[in-house]
Amino acid sequence: MSDGHKMANSYEVWLKDAEAESKRAESHGMLVERVMIEPYEFEVWCAANGMDKDGYARELFAAENAAYDSRSRA
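All letters in the sequence shown, in the order written, are residues 4 to 77 by this note's numbering.
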């Protein structure tokens, strides 16, 4: 990741932060959907879309996959 230096040092720290952020968003009325990011798929997606592998791209990739998942369930 091009912003790896900004990421949590461990899964446990990341999970704690992610859960806190999810609760904060939900408390503000936002819908939170967890999306698994497979590294290879993300890398291919970034290359196809001319994106750096960073937080912004992860957000877009997750949003795109969440939207796809919700359409496929309808």
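Positions of the beta carbon are idealized from the N, C-alpha and C atoms, including for glycine.
Distance CB(residue i)-CB(residue j) smaller than 9 Å
i: Ser5; j: Asp57; result: yes
i: Ala69; j: Glu46; result: no
i: Glu29; j: Trp48; result: no
Assumed close pair residue i, residue j - CB separation to whole angstroms, cut-off 8 Å
i: Trp17; j: Ala11; result: 4 Å
Delimiting residues of the alpha helix (DSSP H) encompassing residue i
i: Lys9; result: Segment: none, Lys9 is in no alpha helix (DSSP H) and carries neither H nor E.
i: Glu3; result: Residue 3 lies beyond the residue range present for the chain, which begins at 4 and ends at 77; the question has no answer from this structure.
Sequence-distant residues of the same chain with beta carbon closer than 6 Å to residue i, five excluded per side
i: Met54; result: Ala60
### Query
Quick one: any contact between the stretch 59-70 and the stretch 30-48, if contact means 3 or more CB pairs under 8 Å?
The answer is yes - the stretch 30-48 touches the stretch 59-70, with three or more Cβ pairs under 8 Å.
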